[in-house]
Each structure stands twice: as structure tokens, then as C-alpha cells.
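Data block below; observations after.
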Amino acid sequence: MTSNPSTPDTDGPKTETTLTTRIRINIPGSRPIPPVVVRKPVKDAAPEAAAPGAAESEPAPAPRGQAPAPVRAALPARPTAQAPAPAPQ
């Protein structure tokens, strides 16, 4: 018999669930920029399964879409070609 019996908490490395987000930056005319990877730990899903009423009381987070379009306000305005005016008759 050992003085420190094995428990599930000390059996081995802890498995952690992470949320991985890859962000791609695209700047036309510049060198390629490698994707940025952001990892955040996620709470274990087991407590939510044990308490189904808890999930109903909290509102769901708003869904995230893709990154917004690049901002082009800093670029100089290009003159636009206009259609010629009709000739007077």
C-alpha cells in the first residue's frame, strides 16, 4: 500500500479543451503575413450536461461572423471614369 493512492486528478496530464481561432491578414500589395493563431481555454462541458436548467437561464452568445472587410479609407481616392454626356440634338 502506498501513502499517496492514485486518483483521477493525479493519474496523468490534464486534458484541456481549447478554442483555436486563426486570423488571416490580407493587405493587397504587401508581403504575405502568416496566419495568427489564438488559443483560449474552454470550460469543461460536463457541468452543463449535469444541469440542463442552467443552459436555459443564460442567453446564448451572439454568433461570430467572418472578419470585417479591410478598411480602405486611408487609400487615396481614384478618379472614376464617367460616361460621356449625350450629345444635344
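In our numbering, the protein residues as written are 466 to 554.
Just so it is clear, CB atoms sit at the ideal spot from N, CA and C, and this is done for glycine as well.
Cα-Cα separation between P486 and V501, rounded to whole angstroms: Within the sequence shown, residue 486 is the residue found at index 21, counting from 1. Within the sequence shown, residue 501 is the residue found at index 36, counting from 1. Residue identity differs from the one stated: residue 486 is Thr in this sequence, not Pro. If you take the alpha carbons of T486 and V501, they lie about 8 Å apart.
Residue of L484, T480 and I498 minimising C-alpha distance to V507: In the sequence shown, the residue the question calls residue 507 occupies position 42. The shortest Cα separation from V507 among L484, T480 and I498 belongs to L484.
Boundaries of the beta strand (DSSP E) in which P506 is found, first to last residue: On the sequence shown, residue 506 is found 41 positions in, with the first residue counted as 1. V501 to P506 is the extent of the beta strand (DSSP E) around P506.
Cross-strand partners of I488 (DSSP beta bridge): One-based indexing of the sequence shown puts residue 488 at position 23. Paired residue(s): V501.
Separation of R504 from E481, as counted between CA atoms: Numbered from 1 along the sequence shown, position 16 holds the residue referred to as residue 481. Numbered from 1 along the sequence shown, position 39 holds the residue referred to as residue 504. Computed Cα separation, rounded: 11 Å.
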